[in-house]
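Numbering (this note's numbering), first residue to last: 38 to 251. For glycine and all other residues, C-beta sits at the position ideal for the given N, C-alpha and C. A quick note: this is a predicted structure, and the numbers were derived from the prediction, not measured.
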């Protein structure tokens, strides 16, 4: 049985491929647990997974060149490469890179959208423009992606400056885990926001992966 990758490694170094299967998924480390769960549930042995470090999201301009380097490194070993990143703050640069490389990528502006379902997320956008979203991974890695990068561990007085225009933290739950629910609510309290939990499951991620057939 393959060991479950730990969140620190997924944040800092990513996950190497196993050299199995005919289709390589190049994905954000923040999606590793969900993709591996879907592989197990559906028996998708034809899919292999290479994750780039999740902390690239702290510098979105680094995502397109990192994806390009990964595609260039691995594509000769597989029949097909599929990129499991949404736009993720790259301003269309990742889409341009994928088009140049001739590889497809998952649809959506960010993972919050495709976990919700892109159509559903877009329909709620006008009512939730003051919402701050977290996924399972970001709840577990809240300090690494929110609290410390924003300097709130050193300067908590900055909280209201950063989050004063938000009203609600919406936890998009991929799994039903009471411990994560409690931690997400604590994250909302730390940010001074109202808390809402919304179970999304895997949203558009599962059908996007299901279409990747040999």
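With the rule of 3 Cβ pairs closer than 8 angstroms, the region 165-175 counts as touching the region 199-206. In the three-state reduction of the DSSP assignment, residue 224 falls in the helix class, which pools H, G and I. Comparing alpha-carbon positions, the option among 105, 77, 86 and 194 lying closest to residue 134 turns out to be 105.
The C-beta distance from residue 147 to residue 124 rounds to 7 angstroms, short enough to fall under 8 angstroms. Following the DSSP letters along the chain, one finds residue 242 inside the alpha helix (DSSP H) bounded by residues 242-247.
Under a 10 Å Cβ-count criterion, residue 94 is classified as buried, with 16 or more other Cβ atoms of the shown protein chains found around its own Cβ. With respect to the C-alpha of residue 215, the residue from 229, 180, 72 and 234 having the closest C-alpha is 234.
Using a Cβ distance threshold of 8 angstroms, residue 89 and residue 103 count as a contacting pair. In the three-state scheme derived from DSSP, where H, G and I count as helix and E and B as strand, residue 187 is classed as coil. When the alpha-carbon of residue 217 is set against those of 155, 130, 177 and 245, the nearest one is in 177. At the C-beta level, residue 64 and residue 72 come within 8 angstroms of one another.
Of the candidates 117, 118, 114 and 126, 126 places its Cα closest to the Cα of residue 101. Note on the region 66-112: whole beta strand (DSSP E) runs with a minimum of 3 residues are 84-89, in chain order. With a 10 Å radius around the Cβ and a threshold of 16 neighbouring Cβ atoms, residue 142 comes out buried.
Comparing alpha-carbon positions, the option among 225, 49, 153 and 115 lying closest to residue 55 turns out to be 115.
For residue 197, same chain residues with a beta-carbon under 8 angstroms away, outside a window of 5 residues either side, are 229 in chain order. Relative to residue 108, the option among 91, 87 and 96 whose CA is nearest is 87. Within the same chain, 224 come within 6 angstroms of residue 179 by CB-CB distance, once the 5 residues on both sides are set aside.
Taken in chain order, the complete beta strand (DSSP E) segments of 3 residues or longer contained in the region 116-197 are 117-121 and 168-171.
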